[in-house]
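Novice:
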Amino acid sequence: MAYKMMNQDFVKLDKFDGSNFIRWQDKMKFLLTALKIFYVLDPNLQPILDPTPQDTEQLKQQRIKREEDELVCRGHILNILSDRLYDLFITMTFSKEIWKALETKYKTENQGTDKFIIQKYFDFKMMDNVSVLDQMHELQILVHKLNDLSIKIPELFQVGAIIAKLPPSWNEL
9 MAYKMMNQDF
19 VKLDKFDGSN
29 FIRWQDKMKF
39 LLTALKIFYV
49 LDPNLQPILD
59 PTPQDTEQLK
69 QQRIKREEDE
79 LVCRGHILNI
89 LSDRLYDLFI
99 TMTFSKEIWK
109 ALETKYKTEN
119 QGTDKFIIQK
129 YFDFKMMDNV
139 SVLDQMHELQ
149 ILVHKLNDLS
159 IKIPELFQVG
169 AIIAKLPPSW
179 NEL
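When we follow our numbering, the leftmost residue of the sequence shown carries the number 9, and every step to the right adds one.
1) Spatial neighbours of Asp136 within its chain, please: CB distance less than 8 Å, with the 5 preceding and 5 following residues excluded, ordered by chain position.
2) Sort Pro162, Val80 and Trp107 by Cα distance to Leu93 and report the nearest one.
3) Could you name each continuous alpha helix (DSSP H) segment of 4 residues or more that falls completely within the region 49-109, going from the start of the chain to the end?
4) Can you look up Phe132 in the DSSP assignment and give me helix, strand or coil?
5) To the nearest angstrom, how far is the alpha carbon of Lys68 from that of Pro61?
6) Three or more beta-carbon pairs under 8 Å between the region 80-100 and the region 38-45, yes or no?
7) Three or more beta-carbon pairs under 8 Å between the region 96-105 and the region 124-144, yes or no?
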């Protein structure tokens with residue numbers, strides 16, 4: 009059973025408050041996979057059939073396991089939501105329903121954020137009063153975020169962009 013794995017040493021996730029959905033979703037996938045219950049979120053998973061008198065003992069055990077896994081999965085998802093989001097999703101019966109609703113809402117919002125990251129990269133300018141290394145680090149973070157969005161920036165282009173983004177005082181050298 010999935011709940012046997014839970015203990016105080018298991019990584020505790022931060023509450024999801026609506027920001028950084030993709031990061032939260034990846035961490036949840038890892039947690040639910042480690043607990044061997046992520047399968048209940050599979051959109052192709054067949055629903056549990058109603059019990060019949062002809063059910064074998066094996067089928068009864070599979071039904072019980074699936075119902076327990078569904079309950080544990082739903083509990084984990086709800087438990088890691090902020091109080092505000094918990095109150096919104098507590099009325100949903102199935103973990104798959106909650107998962108899909110979160111994806112629909114926050115992946116759509118993320119698309120607007122993706123455009124913002126692209127704009128932030130193009131608008132980035134280095135300043136004289138801030139450490140060049142700190143600014144390079146900030147630019148590298150933007151490039152990594154773009155890579156995460158499958159937007160690959162060729163290395164030669166990055167070099168040219170860095171030179172173009174250097175502070176005005178560097179042009180005087």
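The beta-carbon is built from N, C-alpha and C at its ideal position, and this holds for glycine as well.
Remember, it's a predicted structure, so these values are computed and weren't measured experimentally.
Specialist: The answer reads as follows:
1) Numbered from its first residue, the sequence shown carries residue 136 at position 128. Result list for Asp136: Pro175, Pro176 and Ser177, in chain order.
2) Along the sequence shown, read from residue 1 onward, the residue named residue 93 stands at position 85. The option with the nearest alpha carbon to Leu93 is Trp107.
3) 65-87 and 91-97
4) For this step, residue 132 is matched to residue 124 along the sequence shown. Looking at Phe132 - three-state DSSP - the assignment turns out to be coil, as it is neither helix nor strand.
5) Residue 68 sits at position 60 when you count from the first residue of the sequence shown. Residue 61 sits at position 53 when you count from the first residue of the sequence shown. Between Lys68 and Pro61, the alpha-carbon positions lie close to 10 Å from each other.
6) yes
7) no
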